[in-house]
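There are 2 protein chains.
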Amino acid sequence: MFENKSSRTELEALGEFGLIKHLTQFINLKNESSVKGVGDDAAVIDYKNKQTVISTDMLVEGVHFDLTYTPLKHLGYKSVTVNLSDIYSMNATPRQILVSIALSNRFSLEAIEELYSGITLACDRYGIDLVGGDTTTSQSGLVINVTAIGEADKKNIVYRDGAKESNLLCVSGDLGGAYVGLQLLEREKKIFKENPGVQPDLEGNDYILERQLKPEARKDLPLIFEGLEITPTAMIDISDGLASEILHICTQSGVGCNLYEEKIPIDPMTFNRAREFNLDPTTCALNGGEDYELLFTVDISHYEKIKDNPDISIIGHISDKNSGCNLVSKSGTVHPLKAQGWDALLKK
Amino acid sequence: MFENKSSRTELEALGEFGLIKHLTQFINLKNESSVKGVGDDAAVIDYKNKQTVISTDMLVEGVHFDLTYTPLKHLGYKSVTVNLSDIYSMNATPRQILVSIALSNRFSLEAIEELYSGITLACDRYGIDLVGGDTTTSQSGLVINVTAIGEADKKNIVYRDGAKESNLLCVSGDLGGAYVGLQLLEREKKIFKENPGVQPDLEGNDYILERQLKPEARKDLPLIFEGLEITPTAMIDISDGLASEILHICTQSGVGCNLYEEKIPIDPMTFNRAREFNLDPTTCALNGGEDYELLFTVDISHYEKIKDNPDISIIGHISDKNSGCNLVSKSGTVHPLKAQGWDALLKK
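Residue numbers (the working numbering), protein chains in the order written: chain A, 76 to 423; chain B, 76 to 423.
Here is the structure:
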């Protein structure tokens, strides 16, 4: 759909070392902590007296992305930001990434450069150094594994297990957009397959398409917390859907919660397109996933500081474990909260 | 060939989170630096005043391993040790790993447990904590990505670019075994495919088979260096073959070298089996790869300390750049050293 076939250089012409050299030749290390980057057996990092925070994620073609409608540059960008999101959700600052890529020779050098340009764009925007990785062949699909490394003062790190009774349950940004964007792309793919002459009708849907194809990580949240002098008691990023993430926090913290449907932030475009697809916008927010917003709990004493913050919605509160995890619907009825989020192993 | 079909639990029965929980339930953190392991958005590591050393590697089915003759337990073990090898080759101590696995539902829970038992066995033997990872689906092949993290005092870290003129060129252990082991496995696979009734004839070849299927990382070398009060000037692990690694050191250090064929350590079993395959044992050592021995250079003043060490062979010396990188054959003729090692992108 978005393919560009202007030129093609075969990867065989470069070889593995040549490809790595070609792709990494313009890397300049930006962070003082990046002592040694690409080009040795391992990268060397020096955080002095900070703690190291580290996370890894694998993206597999046909499972996490569909190259029919995913531009490679966006894919590279997304593969970085979804990992940075894990570091921000620890209230830490990402500094370095390592990227492993497996690809078959159906990809040209130009295609890999596109992918790489998205990776380096994300590195530039987020102030990250690409310090290592691995480049190898696959027999069919494209696989990308990113490891993100960050730093934080011990006292600032926020885990999933610190939520306390009467804490406020909060979320950044708005939810459900990435999932509705995916539905739109899947619909246009289907139409395109049936009628290859028809151009995809994606106009006017930029927001939800970007939420799906080129999500940002909430780099600003740790800074907002710092400015407001707040340390969340628990935090997690929303990759599998709001419901699944709330249950993670409640299970690991040994608490219950009440989530108020009417408080869940949903963008008008997400809402309208969801309705056009006969989808319940709340369900999209609860179970759609891939929004990469941050879900967190804070002490109720911080209520005044956050209640009018445009980047934060208070969507519920933490209760005792015996009360369970509940969704209070717009009509006031109470349902047990269930995770029906994206489950990789059921998605066959 | 080595398959075990005693029982089979479908992965769908567990789901992604269930699988992760099942596999990681018995993990106990061993290292003081492992502050937080599996179970949050990211792992947290505290090396205090040491530097962090980090490396990542991807293993792809059909490219790096063949499940026809690779027991899953060995594969799990190897996927860890080949990464640890990168950390040891920086003269650092590995402490943690993160493991990402993509698998299709042709694998049962029992199969993944086998793979995982190899991973945890390697962790136990090398004193490593498994602190994070990702588990996802693939549409066909198995992909494993391991990120290894270690620590070192700044002054002890050894890079590839420090080799100096008149340094001794040394290698640990012996070379070529992993490659000859692979030839043996490939031969038996071919026979097995043509005559499924014939049992594979692998007896008496344990050493070279283990070199291929279940290689160890040279954990002892950094300790030997410490004991002898030696810091190598440059070091690299042998994954692509001796020739390729020597050229990496020489290129990055801006030097030349003379490598003496007669000094290259080759185990008698490797030598004999290579000859049976009509392979030149020296070529197997130079270009076979996957031996995971350490290649390093040391100041000539350390000659007395290492000349009789049973774990170390002095195989040549570093010269000036203009002399080039040369192989001095047993008959005394001099050839330019060429890397014809395993090149992932040419291996289609």
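C-beta: ideal position from N, C-alpha, C; glycine also.
Residues in its own chain within less than 7 Å of residue i by CB, not counting five upstream and five downstream?
i                      : result
residue 276 of chain A : 263
residue 111 of chain B : 118 and 119
residue 125 of chain B : 226, 227 and 228
residue 413 of chain B : 318
residue 294 of chain B : 163 and 201
residue 398 of chain B : 331
Tell me, please, which residues DSSP counts as bridged to residue i.
i                      : result
residue 394 of chain B : B:331
residue 247 of chain B : B:387
residue 296 of chain A : DSSP output for residue 296 of chain A lists no bridge partner at all.
residue 171 of chain A : A:204 and A:224
residue 369 of chain B : B:312
Output the distance between the C-alpha atoms of residue i and residue j, rounded to the nearest integer angstrom.
i                      : j                      : result
residue 344 of chain B : residue 283 of chain B : 7 Å
residue 421 of chain B : residue 93 of chain A  : Here residue 421 of chain B scores only 36 on pLDDT, less than 50, and its place in the model should not be relied on; the value that follows carries that caveat. Those two C-alpha atoms are separated by around 12 Å.
residue 130 of chain A : residue 255 of chain A : 27 Å
residue 358 of chain A : residue 260 of chain A : 19 Å
residue 218 of chain B : residue 133 of chain B : 7 Å
residue 177 of chain B : residue 244 of chain B : 40 Å
residue 122 of chain B : residue 91 of chain B  : 31 Å
residue 194 of chain A : residue 168 of chain A : 18 Å
residue 423 of chain A : residue 324 of chain A : With a pLDDT of 29 at residue 423 of chain A, under the threshold of 50, the modelled position of that residue is not reliable, and no figure is offered here.
residue 404 of chain B : residue 153 of chain A : 52 Å
residue 297 of chain A : residue 139 of chain A : 27 Å
residue 95 of chain A  : residue 142 of chain A : 23 Å
residue 196 of chain B : residue 186 of chain B : 16 Å
residue 363 of chain A : residue 349 of chain A : 11 Å
residue 82 of chain B  : residue 366 of chain B : 35 Å
residue 361 of chain A : residue 232 of chain A : 26 Å
residue 209 of chain B : residue 316 of chain A : 17 Å
residue 338 of chain B : residue 389 of chain B : 7 Å
residue 288 of chain A : residue 150 of chain B : 34 Å
residue 87 of chain A  : residue 88 of chain B  : 42 Å
residue 181 of chain A : residue 216 of chain A : 9 Å
Are the C-beta of residue i and some C-beta of chain B separated by less than 8 Å?
i                      : result
residue 238 of chain A : no
residue 170 of chain A : no
residue 409 of chain A : no
residue 292 of chain A : no
residue 121 of chain A : yes
residue 165 of chain A : yes
residue 96 of chain A  : no
residue 145 of chain A : no
residue 234 of chain A : yes
residue 173 of chain A : yes
residue 212 of chain A : yes
residue 177 of chain A : yes
residue 393 of chain A : no
residue 306 of chain A : no
residue 321 of chain A : no
residue 141 of chain A : no
Mind reading off the beta-carbon distance from residue i to residue j? Whole number of angstroms is fine, and I expect it under 8 Å.
i                      : j                      : result
residue 368 of chain A : residue 313 of chain A : 5 Å
residue 205 of chain B : residue 113 of chain B : 7 Å
residue 334 of chain A : residue 391 of chain A : 4 Å
residue 370 of chain B : residue 310 of chain B : 7 Å
residue 299 of chain A : residue 386 of chain A : 6 Å
residue 49 of chain B  : residue 161 of chain A : Outside the shown range of chain B (76 to 423) lies residue 49 of chain B, about which nothing can therefore be said.
residue 148 of chain A : residue 189 of chain A : 5 Å
Does any C-beta atom of chain A lie closer than 8 Å to the C-beta of residue i?
i                      : result
residue 415 of chain B : no
residue 100 of chain B : no
residue 84 of chain B  : no
residue 328 of chain B : no
residue 218 of chain B : yes
residue 150 of chain B : no
residue 312 of chain B : yes
residue 363 of chain B : no
residue 117 of chain B : yes
residue 264 of chain B : no
residue 287 of chain B : no
Who are the Cβ neighbours of residue i in its own chain at under 8 Å, not counting the five residues just before and after it?
i                      : result
residue 285 of chain B : 256
residue 336 of chain B : 357, 402, 403, 404 and 405
Looking only at its chain, what residues have a beta carbon closer than 6 Å to the beta carbon of residue i, apart from the 5 residues adjacent to it on each side?
i                      : result
residue 80 of chain A  : Any reading at residue 80 of chain A is ruled out, since the residue's pLDDT is 49, under 50, leaving its predicted position unreliable.
residue 410 of chain B : 402
residue 269 of chain B : none
residue 238 of chain B : 308, 309, 324, 328, 330, 372 and 393
residue 198 of chain B : 205
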